[in-house]
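Okay, so the sequence shown: first residue is 26 according to this note's numbering, each after it adds one.
Where a beta carbon is used, it is the ideal one built from N, C-alpha and C, also for glycine.
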Amino acid sequence: MCIAGADSWKPACFLSFFFDKIFRAPSIALFITKPQIKSGVFCWIEIDLSNKKRYAMDVLKYKKVVFEEVFCILLKGECERLGCYYKSGDNMSKKEMKKSDAIAVLKKGEGREFKVGGAWIYDNEIAKVQGAFENGDIIEVHDFDDYFLGYGFINENSKIRIRMMSRKKGTEINEEFIELRVRNAWEYRKAVMASYIDEYLSFEKEDAYKKLSCRLIFGEADFMPGITIDKFSDVLVIESLALGTDRIKLEIINACKKVLLEDGVTIRGVYERSDAKVRELEGLERTKGFIGSEFDTKVEIEENGIKYYVDVENGQKTGFFLDQKFNRQSIRGLCKGKKVLDCFTHTGSFALNAAAGGASSVLGVDASDLGCRQAEENAALNGFENIAKFECADVFELLPDLAKKGEQFDVVILDPPAFTKSRASIKKAVTGYKEINMRGMKLVKNGGYLATCSCSHFMDEELFLKTIKEAARDAHKRLKQVEFRQQAADHPILWGGAASYYLKFVIFQVVDEM
C-alpha cells in the first residue's frame, strides 16, 4: 500500500497496519518511525504525530544492520506506543539488550553478597575487566579462578559496579527473558495476595486484579535490579535507578502490560518517577513524566476497604506506600473506641485504618502541607472527616508540646521516613529513632499501645529493637511485644539481598514502671 507524498523519504516508504496481540484489537498508536545515523550508530526515532514528542526507540550498530527507511502509521486512538511492537515488512523490529564480550573477574574471596543470594557486585570486588564494553552493557562475571558466575549490567559510574540479571550460563537477556521475569513476578503477587483479594476485593477475578494495588516489580527481589513498578489499579508508576535496566525500561513496561492484559487488566497509563537523587550516582539524570499518553495523575485506589487518592505525579516516592498495607490492618483491633495519634501520617493511611477500626478520635500529623491536605481529602472520601483530623507540624517539635499540655493517647503510631540512607549516618539515625520512640512512649496512656517502625535497611532488625529498648529505659516504660511484622509480601525479601529487607514494624503494649 503506497503513501501519497512519501516519496520525499528515501529509500521507499510504506504503510504497515497490523493487529497487536497484546491488546487483542487493532493497534492504536499514530506515529512515524524513521531511521537516522548519528556517529556511525543506527537509531530508530519515533515522531509521535499526536503530540510531536520524539523518542529514541532502538540503537543498533550500523555495520550489523541492513535497513530501509520506514514510514509506519499504526491506528488506535491516542498514542499508546508502549503497548505495541513495531513492524517493518514481515519482521518484528525488537530492541535487543546490548551484550558485550567483556568478562569481569572477581578478586579471590570477593563477591560474598552475590554468592549467598544477592544481586550486586561492588567496584572493590573486581580484579579486572577483560575486553571492551560500554556502561550499561551486559557482561559475564567470573570468579577469580575463571568459574562462571553469571551475567549482569556494568556501570563504571556506580559503586555497585555490576547488577546481576542471571546466574545461568547461556541465558539470552532479551524480550522473552524480560517477559518471563515479569510473568513470574505477577504470578507471585497473585498467589501471595490471594486471601487479601478474596477478603477486600470481592469481585470477579478480572475486576479484582484490575482493582488490586500492589508492588508489581521490586527490583533485585524480582531479579530485575534497579527498577521498581507499582500498580495503582490500572495505572503503573515506574522508578528506574540503574543504568542497565533504565535502557530497557520500555521493554519492561511492555511486558507488564502484556502479562496483565492476560488477566483482563488494561493499563490506561504509565508515569515515571525516576526523580530520586540516587540516579545521579549512576550517571543518570533525574526525570519524571508520562510514558505514553497523558492521564489524570490523581488515581483512586482501594486498600483494606479504604479508598485513597494517590498523587502519582507529586506524592512521595511513587505516590503511596503499599508496603504497610497489612501493618495498617493490624492496628485496627486496638483502636476501637480509642484516642489515636498517627505521626508522620503522609496521606492518612494509618489514621484512616484507625478510624475504620472504630477509633473515637484520630489526630494525624505530618510536616508536609501537601500530605496533610491529601489526608483530609482521603478522610472525606471515606466519611471519616469528623473522626480523623490532621495537623501540619514537625513531629519532633509537636510531641514535646503535647506532653507539656498533658495530652495522652490510647494508641500512638510512629511511621517516620528513613533517618539513614547510608552506613555513614547510622549513628545519627539511631539518635533520631531513639528520641522519637521515647517521646512517643511518654504520650501513651498506661496500658496503651505503641506501633513503631523503621523503613531503612541500614537500620537492621537487631539495631532497631535495641534502640527501642533504650528508648523505653529512658522513658521509664515497660514494653510487652504484641506483634513483630515486616513489609507486605508484594515487597518480597530476597535472602542474601540485604537491601530488600528494610521495613520493621512492631506493636507494643506500654506499661508504666511500678
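Distance between residue 497 and residue 343 (C-alpha atoms, nearest Å): Straight through space, the alpha carbons of residue 497 and residue 343 are spaced by roughly 34 Å.
Inter-stretch contact (C-beta, 8 Å, three-pair minimum) for the stretch 242-254 and the stretch 169-189: Enough Cβ pairs lie closer than 8 Å, so yes.
Residue 169 versus residue 150 - alpha carbon distance: Inter-residue distance for residue 169 and residue 150 is about 10 Å (C-alpha atoms, whole angstroms).
Nonlocal neighbours in the same chain, by C-beta distance under 7 Å from residue 441, ignoring five residues either side: Exclusion of the five residues before and after residue 441 leaves 369, 461 as the residues of its chain whose Cβ lies within less than 7 Å of its Cβ.
Closer than 7 Å: residue 283 CB and nearest the ligand FMN heavy atom: Looking for the ligand FMN in the displayed structure turns up nothing, as the structure carries no ligands at all.
C-alpha gap between residue 338 and residue 322, whole angstroms: In a straight line, the C-alpha of residue 338 is about 6 Å away from that of residue 322.
Contact belief for residue 235 with residue 259 at Cβ below 8 Å, rounded distance in angstroms: With a Cβ gap of about 6 Å, residue 235 and residue 259 count as contacting.
Among 313, 212, 431, the one whose alpha carbon lies nearest that of residue 298: When each option's Cα is compared against that of residue 298, the closest is 313.
Reduced DSSP secondary structure (H/G/I, E/B, other) of residue 290: The answer is coil: DSSP assigns residue 290 none of H, G, I, E or B.
Where the beta strand (DSSP E) containing residue 471 begins and where it ends: Unbroken beta strand (DSSP E) run through residue 471: 469-479.
Distance CB(residue 142)-CB(residue 521) smaller than 8 Å: A distance below 8 Å separates the beta carbons of residue 142 and residue 521.
Residue 285 to residue 211 span [Cα, whole Å]: Distance between the alpha carbons of residue 285 and residue 211 is about 8 Å.
Residue 411 burial status per 10 Å Cβ neighbour count (16 or more: buried): It counts as exposed.
Whole-angstrom distance between residue 469 and residue 362, CA atom to CA atom: Looking at the two C-alpha atoms, the distance is approximately 15 Å.
Test: residue 165 CB closer than 8 Å to a CB of chain D: Among the chains of the structure shown, chain D does not appear; only one protein chain is present.
Inter-residue CB distance, residue 331 and residue 400 (contact presumed, cutoff 8 Å): Approximately 12 Å separates the beta-carbon atoms of residue 331 and residue 400; this is outside 8 Å, ruling out the contact.
Residues that DSSP places opposite residue 332 in a beta bridge: Its beta-bridge partners are 327.
Range of the contiguous alpha helix (DSSP H) that encloses residue 380: Unbroken alpha helix (DSSP H) run through residue 380: 374-381.
Buried or exposed by the 16-neighbour rule on C-beta atoms within 10 Å, applied to residue 547: Because the chain is modelled from 26 through 539, residue 547 falls outside the range shown and cannot be assessed.
Given 8 Å, three or more beta-carbon pairs between the stretch 348-359 and the stretch 414-433: They do not touch, by the three-pair rule.
C-beta contact flag for residue 246 and residue 519 at 8 Å: The answer is yes: Cβ separation under 8 Å.
Proximity below 8 Å, CB of residue 261 to CB of residue 222: Residue 222 is positioned such that its CB atom lies no closer than 8 Å to that of residue 261.
Contact set for residue 240: own chain, Cβ-Cβ below 6 Å, skip 5 residues either direction: Shown here for residue 240: same chain residues with a beta carbon closer than 6 Å to its own, the five before and five after excluded, namely 255, 347, 515, 516 in chain order.
Counterpart residues of residue 506 in DSSP-defined beta bridges: Paired residues: 533.
Beta-carbon contacts of residue 154 that lie in its chain and below 6 Å, excluding the five residues immediately before and after: Once the five neighbours on either side are set aside, the close Cβ partners of residue 154 are 127, 129.
DSSP bridge partner residues for residue 391 (one or two, in chain order): For residue 391, which the question treats as bridged, DSSP gives the partners 417.
Proximal residues to residue 77 (C-beta, below 7 Å), its chain only, five neighbours per side dropped: For residue 77, the predicted structure reports a pLDDT of 34, less than 50, and the residue's modelled location is therefore unreliable. A value from the coordinates is still provided. Counting only Cβ-Cβ distances below 7 Å, and skipping sequence neighbours, we find nothing.
Residue burial classification, residue 542 (beta-carbon count within 10 angstroms, cutoff 16): Because residue 542 is not part of the residues shown, which for the chain are 26 to 539, the question remains open.
With 16 other Cβ atoms within 10 Å as the buried cut-off, status of residue 502: So residue 502 counts as buried.
Residues that residue 314 bridges to, as DSSP identifies them: DSSP, once it has assigned bridges, lists 297 as partnering residue 314.
Assigned exposure category for residue 183 - 16 Cβ within 10 Å defines buried: Per the 10 Å Cβ criterion, buried.
Residue 485 (DSSP reduced to helix, strand or coil): DSSP places residue 485 in coil when its eight states are reduced to three.
Contacting residues, own chain, Cβ-Cβ under 6 Å from residue 263 (five flanking each side not counted): Around residue 263: 254, 297.
Length-filtered (4 minimum) alpha helix (DSSP H) runs lying within the stretch 129-160: Runs of alpha helix (DSSP H) with 4 or more residues, each lying fully within the stretch 129-160, are found at 137-140, listed in chain order.
Own chain partners of residue 345 with C-beta closer than 6 Å, once the 5 adjacent residues on each side are dropped: Around residue 345: 335.
C-beta contact flag for residue 475 and residue 530 at 8 Å: Taking a C-beta distance under 8 Å as the contact criterion, residue 475 and residue 530 do not qualify as a contact pair.
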